[in-house]
Structures are given as structure tokens and as C-alpha cells.
Amino acid sequence: MDSDEGSKKDVTLSRRKFVKLGAASAVAGSAMMASLPSQVMAEASKGITGKQTLSSLPNKIDNTVYQRFHQKNTAFCQAITGTFPEGRQALGMLGSTSNELGQRTLDKAISDAGWYIDSLIADGASTSSPDTVAYARDNETAPERYDFSSPEEAAHYVKKAARFLGADLVGITPYDERWTYASFYNPQKQKSLPPDLPFTPKSVIVMAFEMDYEAMTTAPSGVSGGAVGLGYSQMAITGASMRKFLTNIGYKTFAAGNDVALSVPYGMAAGLGEAARNGILVTYEYGPRVRIGKIFTELDLACDSPVSFGVQHFCETCMLCADACPGHAISTEKLPSFAVNNECNNPGVSKWAIDAKKCLLAWGKTKSDCATCVTSCPYNKPDFWHHRLVDKVNRLMPGPVHSVMREMDKLFGYGNSFDKKAVDLFWKS
Amino acid sequence: MGVFSGIEILFFFLGVITTLGVLGIIYLKQKRQAGPLSLFLSASGLFLLVFALAWSMSSIIEHEHQAANMGLLFFGLPAILLLGMAWKKLPEKR
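First to last, the protein sequences are chains G and X.
Going by the working numbering, the letters in the first sequence line up with residues 1 to 429, in that order.
Going by the working numbering, the letters in the second sequence line up with residues 1001 to 1094, in that order.
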């Protein structure tokens, strides 16, 4: 009996202590939260991802200057057609092999294999290819429409279908003519095409496709080229499949790779990520390690909003991509501006404009589709808890701390490019 | 084990280590009459140790070996120092 009472007393005591401890922790926590600056509090209240929803794109657009971009002004089109002969030469170097790790026949073989499906059904994705299997514009549409009860319901089903069919991230935004090319161009046929779409789309479904982290650590190499190619191949497969899904339920639809319209503004508008210093869309989940595909449809869908999770702020001090770029094609200006390098940039949008011609020349130098700006970016991390934690901490920190974070990223061995050991590790792991 | 991913196994063992660590701190308080400073240092050291292990093992799973080593150095070393200090602050065994 005594021993029972004794043990009961102990339990009561420890419960009291537990409650006291809990109360003390709550008071201490509240005091700490109250002492945090209001800016930090605002950041902390943005939910577990730290994403802030924006009402419009974060970039300033000068409407008196901005005009739609002509597709033939892309460095690729200029290189393929021969108006940028050094670029053409650079593209010719992509298939060359040597005994160097990353450039061997084996490495180039996997690059070619990654691109294989894209070359079969999408013709390289970078050009205007309305007559390819994946990106055909005139498609048969079922006569009977499946009616959704609301745009929200339609968006839910469409996103589920996109993820099921292979997309890693999906967002939806209204069709915005500003991002559609002013004219289309097929460089293989050296032919300008009018920017005619078979119908006026209502919504654009923007999909991001992850490229393999381990393969991308080998950049620039044939292996990282394979990851890029695989991204394009998956984009073509999912694009074609989504087109089939939507036309099956009676809505006119067509898919696009890099053709038809600019991908980065659409990715931002659909809430997939932010534009970074390297000119690439940086997503919350995969950083810049994605390819972007678009689906244009007449189906009315509930749209997502642009987001910010601190990428632009971080890019202002980081500059790891600019340091890593073998072509010196990335701006080292602290802040984004309206400055452009050549006709490959579209004036009128505040951003860090990359020099696409220098970028393409670096492809020739590295005998690959480079991607060092993807590999070196501190946002290029696998989707692991500790990287999400660092992202979150990073967002709460002021600018000068970002320089420390940049150095820590290097110290911890992330973001190495031209790392031959990574090629070996890729094949042996 | 095939149904569990590396990260799930890691967090299971981290749970075991944390539980053992908390039991250790309770032992220090109840049996060794550890003072508040010693308890605070022990708890901080345990937290850092678990964090160092979690970081390093996660880095190994993602094949980032340098990050794993640096994780042990940056978080593991202070953890050991804190635990050592906590041990030093313990009252003499009677």
C-alpha cells in the first residue's frame, strides 16, 4: 500500500513538474517570438515552405519598351541557321569524344540515349516543331465535352493527370500573349512561320521535369547532357500525353517544349518558382534542376499565383553561377536591370540578362550542353530535410549572411563543376 | 528492410538515440544530482549530436561525402565539447 502511494505521489509530482516545464517553455517561446523583429515574424508566418504568394510577376516590365520576342533571335536558331557561325561550330562539338572522364564514348552514349525519345517525337524541343508527334498543334478533339463543375475542380483533375503522366511540378496560369513568340521559326528548314495558334488558349498548364541530381553533379559532361536530354524526352512524352487527355475530354489543346512561348515567365506566372541570376527558373523543390514544358488549352482552369521564396534576394549576393560559368555569360551586376547584351535578350524586362551567345560558345568549349550554372547554384539540392532547413534559415537572414552561406555551400562540397570524380561516382554508385 | 528508404531507417535510429540521450539526462539529474548548467549543456550537446548525425547520414545517402564530413566537424565537434563540459560540471560521485 505504501509503495503504491509512494509511486502515485512521484507520478503526481512529475506531472506537476511537466506542466510547469511546459508552461515555462510556452512563456519563454512567446517571449522569444515577441522579441523577434517584425520582418522576421512576417517571414516565419509564411507557412512551412516559406513561399510568399505574389499578386503579379516580381520583375518590373517597361510596357513602353517591351515587345514580343522573335524566336529566330534565340542563339540556337541563329547557330543552326548559320547567322551565328561560331555557335554552329560550338553545336558541332557536342558529339565529339575523347578519353577524358565525361567525354568518353560511354558518356556521350548516355547523353544521346537521354535525348533519344525527344529526337524521335519532338525534334530537339528547342525549335518550332508544329509537325512533330509531341508538339503537333492541330489535334483531333472529341466532340463531346466532359463538363467540370468549376474551374477549381478542372484544375485539380488536370494537375492530378499531369503528375500521373510524368510531371514533377504543375502550375496553371492564364494565357498571356506577351510571352508568345512574335514569330515562330524552324531553323532546320530555315523558315519563318506566322505566330498562328489553332485557337486562342484560355489557360496554360506549366509543368516542370526534374533532372537527376547525381547526373547533374558531373556537369559539364556527357552524363549531365543525358540528364538534360532525359528531361526533354519526359517533357515530350508528358506533353503529348496531356494533350491526348485533354482532347479526349473535348477541349482543344496543344503542347510545347521551348517553342511557341517563353518558358521562364510562364513558369513564374504559374507559381513554379522564381527567375534567378543564371536566367533559369529556380523552383522550391528542385532549384534550377528542371526543364519546363507548356500545355495550351481552351479549358477554363483555376490559376495559381506567382511565388517568392527569396531567390532574387539571395542571387544579389551569391554569384556562384557567374563564377562557375566557363563562358562568362552570366551578369555580375548586383541588381537586376533593363540592360541587354544582344538581340538574344528581349528588352523591357528587369532581370539579369545572360549572354546567350557566350553561353553557347561555352558549350563548344566544354563539348557538352554545359549546365554548370545549374550545378553550381546553391538551390540545386536533392529534396532532403536539411536543405529545406537551410533554405528556411537563409530566407530569415539578411543579405550579408548570404555571403557566408555561399562560402559554406562551397566548404560543404556542393556545387562543384568540372569534377571528374563525380563522373566516376555516377557510374559506380 | 526493403520497404523502408534510407532516410526512414536513419530517423528510426535517431529516435532511438534521442530516447537513450533523454534517459541519460534523466539519469544525470536523478542519480548524479546534475545542476541546471550541466543539464542545459547535456541537452544542447545531445541536440547538436543528433543533428550532426542526421546531417551527416543524410549527406551520405545523397552521396555528398564532403558535406557529411563537414557536418560532423561543424555540428559534431561542438556537440562533444558541450557534452564534455556537461560531464565536467557534474558533482563528484558520492
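Beta carbons are placed, not taken as given, at the ideal position from N, Cα and C, and that holds for glycine.
For residue i, the three-state DSSP class (helix, strand or coil)
| i | result |
| --- | --- |
| Ser308(G) | strand |
| Lys9(G) | The predicted position of Lys9(G) is uncertain, since its pLDDT is 42 and thus under 50; a value taken from the coordinates is nonetheless stated next. It is helical. |
| Phe184(G) | strand |
| Met207(G) | strand |
| Thr53(G) | strand |
| Ser429(G) | coil |
| Pro195(G) | coil |
| Leu169(G) | strand |
| Lys159(G) | helix |
| Pro265(G) | helix |
| Lys202(G) | coil |
| Lys1089(X) | coil |
| Thr448(G) | What is shown of chain G runs 1 to 429, which leaves residue 448(G) out entirely. |
| Lys1029(X) | helix |
| Met41(G) | Summary for Met41(G): the model assigns pLDDT 45, below 50, so the residue's position carries little reliability, and this model does not support an answer. |
| Gly114(G) | helix |
| Gly229(G) | helix |
| His1065(X) | helix |
| Pro220(G) | coil |
| Leu36(G) | With a pLDDT of only 46 at Leu36(G), under the threshold of 50, the placement of this residue in the model should not be trusted, and no figure is reported. |
| Lys108(G) | helix |
| Glu214(G) | helix |
| Ala353(G) | coil |
| Pro174(G) | strand |
| Glu274(G) | strand |
| Ala422(G) | helix |
| Val133(G) | coil |
Neighbour flag for residue i against chain A, beta carbons, 8 Å
| i | result |
| --- | --- |
| His386(G) | Given the protein chain composition of this structure (G and X), no chain A is represented. |
Beta-carbon proximity check, residue i vs residue j, cutoff 8 Å
| i | j | result |
| --- | --- | --- |
| Tyr266(G) | Lys294(G) | yes |
| Arg178(G) | Phe309(G) | no |
| Ala155(G) | Ala302(G) | yes |
| Arg291(G) | Met211(G) | yes |
| Ser233(G) | Tyr135(G) | no |
| Lys434(G) | Asp300(G) | Absent from the structure is residue 434(G), since the part of chain G shown begins at 1 and ends at 429. |
| Cys377(G) | Ala219(G) | no |
| Thr372(G) | Pro400(G) | no |
| Leu262(G) | Val206(G) | no |
| Pro103(G) | Lys358(G) | Here residue 103(G) turns out to be Gln, not Pro, going by the sequence shown. No; because the gap between Cβ atoms is not below 8 Å, this pair is not in contact. |
| Glu214(G) | Ser55(G) | no |
| Gly415(G) | Leu320(G) | yes |
| Asp355(G) | Ala329(G) | yes |
| Asp369(G) | Leu94(G) | yes |
| Ala236(G) | Ile80(G) | no |
| Gly225(G) | Ser111(G) | yes |
| Val60(G) | Ser350(G) | One point to set straight first is that residue 60(G) is Lys, not Val, in the sequence displayed. In contact: Lys60(G) and Ser350(G) (Cβ atoms closer than 8 Å). |
| Leu1082(X) | Leu1028(X) | no |
| Phe209(G) | Ala167(G) | yes |
| Lys51(G) | Tyr286(G) | no |
Residue i beta carbon near the ligand ADP (any heavy atom closer than 7 Å)
| i | result |
| --- | --- |
| Pro1078(X) | As for the ligand ADP, it is missing from this structure, which has no ligand bound. |
(message) By the 9 Å beta-carbon criterion, what residues does the segment 156-181 of chain G contribute toward chain X?
(response) none
(request) Only counting runs of 3 or more residues, tell me where the beta strand (DSSP E) segments fall wholly within the segment 358-420 of chain G, in order along the chain. (result) Here no run is fully enclosed.
(request) Check whether the segment 343-354 of chain G touches the segment 62-71 of chain G, taking contact to mean three or more Cβ pairs, one atom from each stretch, closer than 8 Å. (result) yes
(request) Can you give me, in chain order, the residues of the segment 396-419 of chain G that have a beta carbon less than 7 Å from any beta carbon in chain X? (result) Going along the segment 396-419 of chain G in chain order, one finds Leu411, Phe412, Gly413 and Tyr414 with a Cβ nearer than 7 Å to chain X.
(request) Check each residue of the segment 1008-1023 of chain X: if its Cβ is closer than 8 Å to any Cβ of chain G, include it; give the result in chain order. (result) none
(request) Determine which residues of the segment 211-225 of chain G have a Cβ less than 9 Å from any Cβ of chain X, and write them out in chain order. (result) Taking 9 Å as the Cβ-Cβ cut-off against chain X, the residues of the segment 211-225 of chain G that qualify are Tyr213, Glu214 and Thr217.
(message) At a CB distance below 7 Å, what residues from the segment 1064-1075 of chain X approach chain G? Give them in sequence order.
(response) Glu1064, Gln1066, Ala1067 and Met1070
(request) Taking only runs that begin and end inside the segment 276-347 of chain G, name each unbroken beta strand (DSSP E) of 3 or more residues, in chain order. (result) 281-283 and 290-297
(request) Evaluate the contact criterion for the segment 188-197 of chain G versus the segment 156-165 of chain G: three or more CB pairs, one atom per stretch, below 8 Å. (result) no
(request) Taking only beta carbons into account, state which residues of the segment 319-338 of chain G come closer than 9 Å to chain X, listed in chain order. (result) Along the segment 319-338 of chain G, there is no position whose C-beta sits under 9 Å from a C-beta of chain X.
(request) Below 8 Å between beta carbons is the criterion; list the residues of the segment 1034-1059 of chain X that meet it against any residue of chain G, in chain order. (result) Ala1054, Trp1055, Ser1058 and Ser1059
(message) Check whether the segment 334-344 of chain G and the segment 405-425 of chain G are in contact - that is, three or more C-beta pairs closer than 8 Å.
(response) Output reads no: the segment 405-425 of chain G does not touch the segment 334-344 of chain G.
(request) Output, in sequence order along the chain, the residues in the segment 361-386 of chain G whose CB is closer than 9 Å to any CB in chain X. (result) Lys381, Pro382, Phe384, Trp385 and His386
(message) If the cut-off is 8 Å on Cβ atoms, which residues from the segment 88-112 of chain G count as contacting chain X, listed in chain order?
(response) none
(message) Below 8 Å, how does it come out for the segment 1027-1038 of chain X and the segment 1046-1059 of chain X: are there three or more Cβ pairs, yes or no?
(response) no
(request) Taking only beta carbons into account, state which residues of the segment 270-289 of chain G come closer than 9 Å to chain X, listed in chain order. (result) none
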